[in-house]
Structures are given as C-alpha cells and as structure tokens.
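Chains as they are written, first to last, in this note's numbering: chain H, 5 to 150; chain Z, 243 to 636; chain S, 307 to 609.
No residue lacks a Cβ here, since even glycine has one placed at the ideal position from N, Cα and C.
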Amino acid sequence: MRIPGEWRIPYNYTIGDSATSFFEALRERRILGCRCASCERVAVPPKSFCEHCFLPVTELVEVGQHGVIEAVTVVTAPFAGSPPVPYAVAYVRLEGATSAIANYVQGVDLSDVTTLPAALKIGSDVQVVFGDEPAGRVTDFWFEPA
Amino acid sequence: MSVIEVAVLGFGQTKYKTSRADVGTPELVFEAVSRALADSDTELRDIDAVVFASAPEVFEGVYEPERWCIDAFGGVGKPLIRVHTGGATGGSGPLAASRLISSGMYENVLVVGLQRTSETADAQQVFTTIFDPIYEQDVQLNVITGIALVASRQMEFFGLTEDHMAAISVKNFDNALRNPYAHLHKRITEQDVKDSRQLAWPLRLLHTCPRSDGAAAVVMSSGEKARNRSSAAWVRGLGCAADVYRIGDRIHDTESDYAIPRAQAWSAQQAYTEAGIIDPRRELDVVEVYAPFSNLEVAYYEALGLAPHGKGIELVETGATTMQGDIPVVPSGGCMTANPIGATGLIRFGEAALQVMGRAGDHQVDGARLALATACGGIDQFYTSAVLASEPKQ
Amino acid sequence: MTIPSPRVGIAGSRVLGPAVELPGALDALIYNATSAALDDAGMSITDVDGACMAASDLLDGRAISTMTLTGSTGSFRKTEMRVCNDSLAAVLVGAAEVASGAADALIVCSWSKLSDADSNAVLPLAMEPVFHRALGFHPAAVLDLRRSAESGAATVTADQSLESRDVAVATILVAGDSPRARAHVIGFGASTGPYLRPGEPVLDPVRAAATAACDMAGVSVNDLSAVHVAGLARVDDDALADSLGVATGMLVRPAEPWADLGYAAGLTAMCRAHEAQTTGPVLVVSAGGLGYENAFAVVMEQT
Numbered sequence: 005m006r007i008p009g010e011w012r013i014p015y016n017y018t019i020g021d022s023a024t025s026f027f028e029a030l031r032e033r034r035i036l037g038c039r040c041a042s043c044e045r046v047a048v049p050p051k052s053f054c055e056h057c058f059l060p061v062t063e064l065v066e067v068g069q070h071g072v073i074e075a076v077t078v079v080t081a082p083f084a085g086s087p088p089v090p091y092a093v094a095y096v097r098l099e100g101a102t103s104a105i106a107n108y109v110q111g112v113d114l115s116d117v118t119t120l121p122a123a124l125k126i127g128s129d130v131q132v133v134f135g136d137e138p139a140g141r142v143t144d145f146w147f148e149p150a
Numbered sequence: 243m244s245v246i247e248v249a250v251l252g253f254g255q256t257k258y259k260t261s262r263a264d265v266g267t268p269e270l271v272f273e274a275v276s277r278a279l280a281d282s283d284t285e286l287r288d289i290d291a292v293v294f295a296s297a298p299e300v301f302e303g304v305y306e307p308e309r310w311c312i313d314a315f316g317g318v319g320k321p322l323i324r325v326h327t328g329g330a331t332g333g334s335g336p337l338a339a340s341r342l343i344s345s346g347m348y349e350n351v352l353v354v355g356l357q358r359t360s361e362t363a364d365a366q367q368v369f370t371t372i373f374d375p376i377y378e379q380d381v382q383l384n385v386i387t388g389i390a391l392v393a394s395r396q397m398e399f400f401g402l403t404e405d406h407m408a409a410i411s412v413k414n415f416d417n418a419l420r421n422p423y424a425h426l427h428k429r430i431t432e433q434d435v436k437d438s439r440q441l442a443w444p445l446r447l448l449h450t451c452p453r454s455d456g457a458a459a460v461v462m463s464s465g466e467k468a469r470n471r472s473s474a475a476w477v478r479g480l481g482c483a484a485d486v487y488r489i490g491d492r493i494h495d496t497e498s499d500y501a502i503p504r505a506q507a508w509s510a511q512q513a514y515t516e517a518g519i520i521d522p523r524r525e526l527d528v529v530e531v532y533a534p535f536s537n538l539e540v541a542y543y544e545a546l547g548l549a550p551h552g553k554g555i556e557l558v559e560t561g562a563t564t565m566q567g568d569i570p571v572v573p574s575g576g577c578m579t580a581n582p583i584g585a586t587g588l589i590r591f592g593e594a595a596l597q598v599m600g601r602a603g604d605h606q607v608d609g610a611r612l613a614l615a616t617a618c619g620g621i622d623q624f625y626t627s628a629v630l631a632s633e634p635k636q
Numbered sequence: 307m308t309i310p311s312p313r314v315g316i317a318g319s320r321v322l323g324p325a326v327e328l329p330g331a332l333d334a335l336i337y338n339a340t341s342a343a344l345d346d347a348g349m350s351i352t353d354v355d356g357a358c359m360a361a362s363d364l365l366d367g368r369a370i371s372t373m374t375l376t377g378s379t380g381s382f383r384k385t386e387m388r389v390c391n392d393s394l395a396a397v398l399v400g401a402a403e404v405a406s407g408a409a410d411a412l413i414v415c416s417w418s419k420l421s422d423a424d425s426n427a428v429l430p431l432a433m434e435p436v437f438h439r440a441l442g443f444h445p446a447a448v449l450d451l452r453r454s455a456e457s458g459a460a461t462v463t464a465d466q467s468l469e470s471r472d473v474a475v476a477t478i479l480v481a482g483d484s485p486r487a488r489a490h491v492i493g494f495g496a497s498t499g500p501y502l503r504p505g506e507p508v509l510d511p512v513r514a515a516a517t518a519a520c521d522m523a524g525v526s527v528n529d530l531s532a533v534h535v536a537g538l539a540r541v542d543d544d545a546l547a548d549s550l551g552v553a554t555g556m557l558v559r560p561a562e563p564w565a566d567l568g569y570a571a572g573l574t575a576m577c578r579a580h581e582a583q584t585t586g587p588v589l590v591v592s593a594g595g596l597g598y599e600n601a602f603a604v605v606m607e608q609t
C-alpha cells in the first residue's frame, strides 16, 4: 500500500542588501554590479563579498546594457514550469562587468535547432531589453541580438 | 596505529537574529567564514577540504545549499562534503572533520555551519515532516510536543518543577547578556518565565529557543600544525550515538525512561573514555550543552555524568552550573538564546574551543582548560560529544 | 612525521536493485541491504561500531530522513554519520572513521527510492532562488551552459531524462589490516566546481577527484585496470576517458546508463567494481550536482 504525500512549503527568500539594490535598479531599467576595492572585478549581479579576494565589497556600480554571450544553450526538452520549447538561455558579460549573468535570449529564430543562428555564437553582441513594466524581478529583462 | 592529533585553530560566527534581512545566504556564510579564517590566522588556500553542516534543506529552500554557498567559503577546487544529522549536524561537522584529519586524508579542514530558519513561514511545518509519514505525521507530533513528553516524565519521576525550569531559563538569558552574538538579549525573571505563554504543558515560551538565522565556522588542523600556534583547542575525545527512532520504543525499554536521554550518555561516555575523564563533574571546567529547552538541560546534567541519576535538579538548586558555580553550563547563553539549527552544534563546539583557548571574552570561565560540547538531533535521538582541552595529550 | 596513506578493507557488500520498483517500505529495503552486507562479510551487527550513510531528505520525502531509519541502517546505539552527497562521500568519511581508529568496522550505506518520489520536483530546487530559479529554465541547461562555455559554441539541451529507479546498497568497511578484508580502498579524492556559473571545463572536478584518489593510492592512471563510472549519464565515454587520461575501453558504465540512482550511485558502482573481482587497481568516480560539479573518486584493489 502507498500513502500519498506532498510538501507545500512556502518561502520568503531573504536576498540581502546587495541583491535588493540590484532588483530596485531593475525597476529603473538599470543593471547594477559591485566592484571589489582590492581586485576591481565587477560582479553582476552584485554580492556583499568578493570570492577572489575574500573581502567585503560595498561599492555598487552600474554596468552597460550591451554585452557578449559567454555561454548559451538552446533547450528543446520540456520541463514543468519552464517556457515553451525551444528557448535559448545564455550567460552574458555586460559592458563594464567581469562576470556574466544568466537570462533568456529572445529575437532569434530557433525553428531549426540543428543549425543554430549565428546570433547565438559565443562572443556575439547582445543587448538588454526590458519589458513594459519592470517589477524588480530577474524576468524584467532579457537579451536580444544587438 | 599512530593516530594524528586534531586541534581547533579558530572560530567565527555571525550575529544571530530572527532574520538577517541585510544579507543573502552565501553572504551570511561569508561573514562566519571570514571571521574564522581571521581568528585562526589561516589563509583560504591552506584549507584542504570543507565540511558543510546544515540540517534540513527545507529551511533554506534550496537543494544542496553547500553548492550555492561555495564562493562564500572558497570551496571551488576543494573536496566538499555536507553532513546532516538533524540538530546534531553542527556536532557531526567537527566530528567528520576530526576523522578526516586524524586518518591522514587532509591536514586543514574548514567546517561551516549554516541555518536560515526565517525563510519558511513556519518552522514547525518543517519539523512535522521529520516524523514517520506512515504512522506519526498525522498526529501532530513536533519537537515541542515531543520534548514536553520528556518534561512530563522528568516531573513525574525526578522531581523536576517549574521552578527548576525557570531557574535554567534565567541563568541562560543572563549568560547571553555577556555574549554579543546571542540572539536574545533581555533580562528575565523566574516570574517572567512562569507567566510566559504555554506551548505544550509543561513547556512555556521562555523554556524554549528562538528561531535564528546564523552561520558559524571553525578551522581545524592536525596537531603538528597546531603546535606552532600560540592558541589552539585540542580535541581530546569524541563521541557519537544514535537511539532508536520511535519515542514509543524508548519509553519502556529496560535502559530507557524517556526522561534522561540515554544516547547522550552513550555519546558522552565515549568522549570521556577517549579523553581519560573519570569524574566529569570535577575534571571539566565548562560545558556547552546543546539544550534548546530548559528541562532538557537538567536531564543532560545526569546524562553527562555531572549529577547522579535523578539528581540533576540539585545542580539547579545549588547554582553549580551558573557562571559563579563550579561547573558553568552554557556561558554563551546556549541554544535557548540563539538556535540556527544546523549551526547550533558547531557554535557549542566553537564556544567550548574559545573557552579553553581563553578567548571567550566577557563570558570566559576563568582558567578553563577542559570543556565539553554536545549536540542533539531528532527527538532525543542523535548525539555528539566533544572534549576540548588547552593542551595536547601528554 | 610521515603519515601512512589511509587504507581500509571491504569485508562484504550488497546491492539491491536497481529496479523500477523494489517492494516494501524504505526502512525494510535498507535493512535488507545492510543485513545482507553483514551476511556477506560473515559479520553480525555487534561486530560494527556504527554507520555512515548518504541520503537525500527531499528524495526520501522526510525532512530528516535518517531519523526514521536508525534501526535499518544499523546505527542504533552506535555512531551515525550522514552525508548529503553522492555515496562515495560516505565511503570517504566512513573510511576516515576506520582509518583513524575511531571505528574497527562500519556499515556504509545509501539508498534511493524514486518510485516513492518525483525527482523532477526536486531538480529546480538545486537552483538558487534569486537569479536562476526565478527564470524557470530547464535544470539540465546548467550542464549545457557549462559545456557551451567550454567548447566556445552554442549547445542544445535536448535532455534525455533520467529513469527513476529504486536501489539500496551497503558495504562493510574494516581496518586495512583486518583478516576480513576481501578488497581494499587505498585512495580517496574529491573536488568541487563552481556553482551554476559556466567557465570551468565540465569534467575538471571529476578529473581532480580522480587524480587525488590515484595520488593518495600511489598509483598512476596507467596502472589502472578499470574505471567504474557512477552517474555522469550525459557525458560520453570519449570525453570522460580523455579527461581522465585513460583509454575508452577502460570505462565501465552501469548496465542502465540513464538510471537515476540518486546519492546511491557511487556506492553501487563501487560494490559492482568489487563484485567484478578485477585484478589490479580500479578507479570509481561519481559526480553530483546539475553540472556534475561535486565529484568523488576512490581507488580500490582486490586482496
């Protein structure tokens, strides 16, 4: 015999001051990173410490809204809660940033995944595009070919 | 077999609060780890392996939270193992690290303890799921009702009263006032305890612990490394024991009365034997016991051999376990004044290390040279014990 | 001070499954594995000092799953250690308990009963909630993004889903000089890659773990007789062999390469390697995490 069971546990994830600044800036269509005073790396999204120097980081900086693709995959496998396939996810290093941030790449033709569009080549230029009413969530923006 | 000695080089902890809204979870870990590295005068590059101690990941709401936090302890490129034995997790962390060092596998091991209890709306909802889904989950057993059952038996058989329990609460809250990291900083009276909200008879709010966010970290190393240090806490003895799961199976066993936790006694005895301790009451200078409820602390006095069976209340009545007594228990204020579950046992361990290193600040027990730290998980089920000393074995 | 390399014996083992469904409750399943391993070793529960286990609460469906399992894992009145990583981590910690002299004999066990659970519900929870999970992309894309950064080209995440299986596995570790030892574990290694962030070659953690295990065992990869691989279904033989510096023909993959054995995968592979009775040193590797970033390895040899 089997007894059915399910966990439904609600969460309110604490994101901290650095990530809060990031999401607040998204509402103003700006993207923030943080600069380590020691190594001057700019991490996007920002965090309160630098893992390279292992020192606290306090300086927030705005980065550009153009960047290059560092890694990209086109997903053809469906998954519960995911967007309709196919879709492209990329890590993009924005102007002025040292690290890369993940988001979707829109505006590319994915109808034939056997020949991926040139716009998805590593190193391709992309730009940040914001939706109509940014709400302070990571889904407020996505990337499109520049 | 030549066994490698193990020592603690340093300890770091965060301020404990209901919610550390100012930092994300990896950032909280960074605070504790950077303090532990500074305290132990150790560079990240010297760390050979990391043991990450966090109890149910349903607290953080992230599967395998040690990966998420990896940058916060410089874990990339290093062995990373997460231990989880419920509330005993923070005791299992240094236990695993000690074995990794004394086996010769690694020389310097960082132990990180984390729990973020504020992320879920109701921690008791999490705790209900620790019970067996087949027989017990539906009857709303939880940690509070489980420990209330223990208290009811201590009262019936061993003379425990609300006065004793209130005295423990007052002692621990007073101690916490001297510990800047403690979560609860307030002066309370025995009357305040007795007037506090009843949760499950005989337990009241001020007999229990808060839910805390927090992280802690210790740097452990081989004796060879520690000998060059001006201060180190030497691991003299370790113990670990598990009891059967079902409470009902423990109530009328010949060795068990479900009032004095026997697995704590088994675990402590292992540690004492390894450390060569015969009379813990006389030999130990300070005890950092993992007692999130006032009645449990009294039960542990007996389980740890600080009082004869059934005589734990005498230590309360004579004040022996206060800061002025001959065997202070939880000078830090203990779990009752800060309880970030999976980190809590590591805090006991780190506080015991600080005591024998003479670096416990305002809650230092004068001249402490031999300390015991414990941790407890499940409902009185998993126990760890560690004896730490100012000096290595001769 | 020269420290001899840690070395422990394997006195017995047992793998139950993998199967689509192993009948019985979780505790009965585990008891069947631990008691059969003791039988295989010719030992009784009184001969062991404790248990070291690898288990996942979320997949077991209990917030502290090991609480309800103390009787079946064999840890009652003994030591209990539990890791939340692939079970080769439990072998590593268990071996440390034995090699340090803290235990003379120890049960190391693991299990995964996915016929009771939905592992697809757990996968997204391995993504941090703030910047990644909120996007909602397929968890398998994490590995393909790392592959993309490594290869410098876009990848396709046409995930072949893992197949849910039930498995319970136990082995009995004894001191290296115990007459009960039928095989020895002579090297242990582990390494961890970055979380989610692409940039490091996908197989770096696996290679680093394997190298560390071989170094501790004092053997070169050229001396290995076989490499048993746990999990890593989405990495092909050539890439894995190339990364480890061995011939492709050396790799031994599970009979069902897409079977999801959860944390039990590594110990299952180690017990299979033990059963194979291969002469000479044998490497066992495993890797957990969405990007195979939490890697473990052991080197063993028959006595």
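With contact defined as three or more Cβ pairs closer than 8 angstroms, the region 261 to 268 of chain Z and the region 17 to 32 of chain H are in contact. Using a CB distance cut-off of 9 angstroms, S/A427 counts as an interface residue toward chain H. Bounds of the alpha helix (DSSP H) holding H/S22 are G20 to R31.
Taking the Cα positions, S/A459 is about 45 angstroms away from Z/L337.
The CB of S/D450 comes closer than 7 angstroms to the CB of T77 in chain H, given here in chain order. Chain S has a Cβ within less than 9 angstroms of the Cβ of H/A23.
Any Cβ of chain S closer than 9 angstroms to the Cβ of Z/M347 would place that residue at the interface, and such an atom is present. Per the Cβ contact rule, the region 462 to 471 of chain Z is not in contact with the region 583 to 593 of chain Z (fewer than 3 Cβ pairs under 8 angstroms).
With respect to Z/A610, Z/D527 sits close: the two C-beta atoms are nearer than 9 angstroms.
For Z/Y532, no CB of chain S lies under 9 angstroms from its own CB, so it is not counted at the interface with that chain. Among the residues of chain Z, none has a CB under 7 angstroms from the CB of S/I351; the nearest is roughly 13 angstroms distant.
If you ignore the 5 residues before and after S/V588, its C-beta comes within less than 6 angstroms of the C-beta of S531, A532, A579 and M606, all in its own chain and listed in chain order.
For Z/K413, no beta strand (DSSP E) run applies; the uninterrupted alpha helix (DSSP H) run containing it begins and ends at E404 to A418, by DSSP. At a Cβ-Cβ threshold of 9 angstroms, S/D366 and S/A423 count as neighbours. For S/K419, the enclosing beta strand (DSSP E) stretches over residues A411 to K419. Around S/S470, no beta-carbon contact reaches into chain Z at under 7 angstroms, the shortest distance being about 17 angstroms.
Those residues of the region 77 to 96 of chain H placed with their C-beta closer than 9 angstroms to a C-beta in chain Z do not exist. Closest option to Z/V351, judged by alpha-carbon separation, among Z/I386, Z/L279, Z/H425 and Z/S411: Z/L279.
The Cβ atoms of Z/T256 and Z/E273 lie closer than 9 angstroms to each other.
Counting only unbroken stretches of 3 or more residues, the beta strand (DSSP E) elements lying wholly within the region 418 to 484 of chain Z are 440 to 442, 455 to 464 and 475 to 484, in sequence order. Residue-level contact check: S/R453 touches chain H, since one or more beta carbons of chain H fall below 9 angstroms from its beta carbon. By the neighbour-count definition (other C-beta atoms within 10 Å, threshold 16), Z/K428 is an exposed residue. Z/L630 is positioned such that its CB atom lies closer than 9 angstroms to that of Z/R478. The alpha-carbon of S/G537 is positioned some 46 angstroms away from that of Z/S632. The continuous alpha helix (DSSP H) containing S/N338 extends over residues L332 to A347. Fully enclosed beta strand (DSSP E) runs of no fewer than 3 residues occupy 489 to 498 of the region 482 to 510 of chain S, in order along the chain.
At a cut-off of 9 angstroms, the C-beta of S/L332 has no neighbouring C-beta in chain H. The criterion of a C-beta distance shorter than 9 angstroms is satisfied by S/R503 and H/S103. Contact check for H/V76 against H/I35 fails: the beta carbons are separated by 9 angstroms or more. S/E599 is a Cβ neighbour of S/T498, given a cutoff of 9 angstroms. Closer than 9 angstroms to the CB of S/E327 there is not a single CB belonging to chain Z. Residue-level contact check: Z/R277 does not touch chain H, since none of the beta carbons of chain H fall below 9 angstroms from its beta carbon. Residue range D543 to L550 is occupied by the alpha helix (DSSP H) that includes S/S549.
Separation of S/D510 and S/M576 (C-alpha to C-alpha, rounded to the nearest whole angstrom) is 21 angstroms. Cα atoms of H/Q110 and H/D136: separation of roughly 15 angstroms, rounded to the nearest angstrom. Between the C-alpha atoms of Z/V293 and Z/T331 there is a straight-line separation of about 11 angstroms.
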